[in-house]
Amino acid sequence: MRALASTLFKWLLVAVGAISMLDGLLPTSQQSLRIDGHQSQSDSQSLDTNYKLMMIGGSTDHCGVGYEAYKTLRDGDRVEVITSAIFKQCARISRDEQLVHVRKYWRLFSLLAGGLLIGGAMGWIKHTGDDA
2 MRALASTLFK
12 WLLVAVGAIS
22 MLDGLLPTSQ
32 QSLRIDGHQS
42 QSDSQSLDTN
52 YKLMMIGGST
62 DHCGVGYEAY
72 KTLRDGDRVE
82 VITSAIFKQC
92 ARISRDEQLV
102 HVRKYWRLFS
112 LLAGGLLIGG
122 AMGWIKHTGD
132 DA
């Protein structure tokens with residue numbers, strides 16, 4: 002039973018890794034959306050704030066952004082949003098040809114995360130268990 006669970010877990014890691022890599026390799030989609038709201042959530046332990054723009058008019062309903070994009074864009078603004086194919090990560094947001102938000106290396110991170118998951122599941126990445 003334990004061997005079955007281990008095998009299923011490995012295949013789950015391979016599947017998630019493959020999907021992550023596909024998200025980085027597939028073409029992006031571009032949508033014209035309208036800003037419909039702003040949300041921010043602060044974490045009192047790490048003193049970190051997450052900023053989110055709510056959007057309407059397409060398949061993407063929100064994007065996590067930095068503070069500059071959060072304060073620059075207003076409710077009702079029309080924006081062009083480029084998103085990844087599978088996870089709909091907001092890679093780029095622009096307003097009137099002006100770049101407002103960009104995640105420069107999102108494709109690289111998707112490929113690396115997928116590769117690490119697949120490599121770990123297949124045993125290509127070894128952990129010795131030593132903390133020294």
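Under our numbering, the first residue of the sequence shown carries the number 2, and numbering increases by one thereafter. All C-beta atoms in this analysis are idealised placements derived from N, C-alpha and C, irrespective of residue type, glycine included.
Of the residues the options, which one's Cα is nearest the Cα of residue i?
| i | options | result |
| --- | --- | --- |
| L27 | I126, S111, A16 and V103 | S111 |
| S21 | M123, R93 and K89 | K89 |
| H102 | L74, L14, A122 and S7 | L74 |
| I57 | T50, Q42, V82 and L48 | V82 |
| G59 | K11, R79, A70 and N51 | R79 |
| A16 | W125, G116 and K127 | G116 |
| R108 | Y52, T84 and Q40 | T84 |
| Q32 | Y52, Y106 and T61 | T61 |
Quickly, what does DSSP pair residue i with across the bridge? List them, please.
| i | result |
| --- | --- |
| Y52 | S41 and V66 |
| Q31 | I83 |
| V103 | R93 |
| I36 | M56 |
Give the straight-line distance between the Cα atoms of residue i and residue j, rounded to the nearest whole angstrom.
| i | j | result |
| --- | --- | --- |
| S30 | Q42 | 28 Å |
| D44 | Y68 | 15 Å |
| G65 | L34 | 15 Å |
| H63 | I36 | 9 Å |
| W12 | E98 | 43 Å |
| S7 | L54 | 40 Å |
| G25 | L118 | 14 Å |
| L113 | A92 | 17 Å |
| A122 | R96 | 42 Å |
| G38 | D76 | 6 Å |
| Q46 | Q40 | 19 Å |
| Y71 | L23 | 29 Å |
| L48 | I126 | 34 Å |
Which residues mark the beginning and the end of the alpha helix (DSSP H) in which residue i is found?
| i | result |
| --- | --- |
| S21 | R3 to L26 |
From what residue to what residue does the beta strand (DSSP E) around residue i run?
| i | result |
| --- | --- |
| R93 | C91 to R96 |
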